[in-house]
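J.: Right, I'll just put the structure down here and ask away after.
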Amino acid sequence: MQKITIKKGHDINISGLASREFSNSPAQKFVSISPQDFNYIKPKLLVKEGDQVTLGDALFFDKINPDVKWPSIASGTISKIVFGERRAVLDIIIEVDEDNEANIESINQINLSSRDDVKGFITKNNFWPFFTQRPFNKVVDPNDNPKCIVVTLADSSPLANDLSFSLAEHKDYIISALSNLKKLTDGNLYVAVRGDNFSFLSDFDFINLIQVEGPHPSGNVGVILNRVNPLNQNEVIWTVQGSHLPILGKLFSKGLLDFSMNINTGGPAVKPSYFKSRIGARFDLHKDSLLMENVRIISGNVLTGKQIDIDGFLGFYHSSFSVIEESFSRPFIGWLHPGGKSKYSVFNAYLGSNKKSYDFTTLQNGSNRAFVPVDAWEKVFPMDIYINALARSIEANDIDEMEQLGIYECDEEDVALCSFVCPSKSDVGAIIRKGLDTIYFDK
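So the sequence shown is numbered by the numbering used here: it starts at 724 and just counts up by one.
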């Protein structure tokens, strides 16, 4: 087992962490899958409103790569297709028919002994959207041969789903998923864990187990790759969400299409808890747990998640809802305030401590302004990359310099803490995505 210790970073001590127990939750009547959750695709719909679908049926495909199709995550009726500007597909909402799902039989299994067998099985069941690649954090091209595959079971983001708890009952499915993932690459299968969690994985020699220690973003794919197998130009690695391993394991081992998933809600504006749910779950089933009226509901974590309405849905790659107070009030004397319980500071700029949980709100405590190079980003960014210089090269639209400074290793989630601590209130993640977009469309 390889051990990685990350010293730079910060664990945001936000209140509202869910305890390790499940609460009752009503059955989901509606679920959604949104093409907006996937970078660089051009969706072509295969269904229309009112159509009947069953689990795994193709809902749409990517016009750039027609072999990649998106599965129906429920059996039922296409209730609504939400379009945006220029007829962009925003949401495909499915009304769930649980009786129909209960009658679905397992898929005829084949002998998945080779890479081609596994790839063919994934293609047949429309499961490629569960695989993403670095660079660009996009759905994989099945024709690629990845340098390695990385799975992180050590999510360190604030209010993250504790996978050691939520996946505890899926040991066999996790092993099945990982054993078939290994067949997809000639390189290593890296699996990141924290502490003694998932210790049973150490019994399998096809897994390169990595024990990570340290503050966020120590559990991020980009940070792990930067330490064990840096990504170079013209190389591709694949990754799978840890929360999706049981879904893949059920498909590979038993031919079952089951999109159920354990999720959590957390944050200072909601009663935190874990629920047995499914991909694309709707938040309004948990509205009774809100502690105030003016809230911001986020699919995912508070650093990189997507804001949704109260009747919004969980993103495809998310396994948690985060809820914080929507605040517009500016504090008295602002940055001149001496500190105390009403101030949270990563670098101890105020009196008090950031070791106690804090009721964060949406207040930014300042407005956007020009970059201030005071090494704030560098203090929380653990990757071997000059992040300030990289951001400036992106703003200057200098592709050669971006590549030399390591943009292929970065993604929005890796620089989210930089945005959090930035005295200029710069959205560093948006800058990184701008650079990735520039390179992607230039090539």
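Glycine included, every Cβ here is placed at the ideal spot set by N, Cα and C.
For clarity, every value in this text was computed on a predicted model and none was experimentally measured.
Just how far apart, CA to CA, sit D840 and I729?
T.: Straight across, the Cα-Cα distance linking D840 with I729 is about 38 Å.
J.: So L968 and A900 are supposed to be a Cβ contact under 8 Å. How far apart are they, rounded?
T.: 4 Å
J.: Taking the Cβ atom as the reference point for each residue, do V702 and P852 lie within a distance shorter than 7 Å?
T.: Residue coverage of the chain in this structure runs from 724 to 1166, which leaves residue 702 outside it and unanswerable.
J.: What do you get for Q725, buried or exposed, if any count of 16 or more other CB atoms within 10 angstroms of its CB means buried?
T.: exposed
J.: Closer than 8 Å by C-beta to I796: which residues in its own chain qualify, once you throw out the five before and the five after it? Chain order, please.
T.: V754, I756, L778, I817, F982, R1001, I1002 and G1003
J.: State the start and end residues of the unbroken alpha helix (DSSP H) segment that holds S966.
T.: That residue, S966, is in no alpha helix (DSSP H); it is neither H nor E in DSSP.
J.: Can you name, in chain order, every residue of its own chain whose Cβ lies under 8 Å from the Cβ of L835, other than the five neighbours on each side?
T.: V841, F844, N903, K906 and F975
J.: When DSSP builds the beta bridges, which residues end up paired with N931?
T.: Y913
J.: Identify every residue that forms a DSSP beta bridge with W1100.
T.: DSSP output for W1100 lists no bridge partner at all.
J.: Taking all protein chains shown into account, do 16 or more other C-beta atoms lie within 10 angstroms of the C-beta of F998, making it buried, or fewer, making it exposed?
T.: buried
J.: Mind reading off the beta-carbon distance from I815 to L769? Whole number of angstroms is fine, and I expect it under 8 Å.
T.: In fact, because the Cβ distance is near 10 Å, the residues do not count as touching under 8 Å.
J.: Based on Cα-Cα distance, which residue from L924, L912 and I1162 lies nearest to I1117?
T.: Relative to the Cα of I1117, the nearest Cα in the group L924, L912 and I1162 belongs to I1162.
J.: Mind reading off the beta-carbon distance from V914 to L876? Whole number of angstroms is fine, and I expect it under 8 Å.
T.: 6 Å
J.: Quick one: grab the DSSP three-state call for E1048.
T.: Shown here, E1048 sits in a strand according to DSSP, grouped into three states.
J.: Which word fits M1125, buried or exposed, when buried means at least 16 other C-beta atoms lie within 10 angstroms of its C-beta?
T.: buried
J.: Taking Cβ positions, are G732 and H939 nearer each other than 7 Å?
T.: yes
J.: Using CA atoms only, rank isn't needed, just tell me which of S889, N747, S922 and K1157 is closest to S1043.
T.: S889
J.: Of all the alpha helix (DSSP H) runs that stay within the bounds of the region 735-821, which reach a length of 4 or more residues?
T.: none
J.: So, using beta-carbon positions, are L1113 and L1128 closer together than 7 Å?
T.: yes
J.: Please report how far the alpha carbon of T846 lies from the alpha carbon of G978, in whole angstroms.
T.: 14 Å
J.: Rank L1014, N1088 and N1120 by C-alpha distance to the C-alpha of P991 and give the top, closest one.
T.: L1014
J.: So within the region 856-884, which uninterrupted beta strand (DSSP E) runs reach at least 3 residues, ignoring any that extend past its ends?
T.: 872-875
J.: Looking at the secondary structure, which residues open and close the beta strand (DSSP E) in which I1169 lies?
T.: For residue 1169 there is no data in the structure shown, the boundaries of the chain being 724 and 1166.
J.: Note down the Cα distance separating S1149 from Q775, rounded to an integer number of angstroms.
T.: 45 Å
J.: So, with DSSP's three-state summary, where would you put N985?
T.: strand
J.: Alpha carbon to alpha carbon, how far is L1159 from I1130?
T.: 7 Å
J.: Using the rule of at least 16 other Cβ atoms within 10 Å of the residue's Cβ for burial, across every protein chain shown, is V1097 buried or exposed?
T.: exposed
J.: If you compare alpha carbons, which of A1099, I986, G1035 and I898 is closest to L971?
T.: I898
J.: Taking C-alpha atoms, which residue in V1025, V1103 and K1010 lies nearest to S748?
T.: K1010
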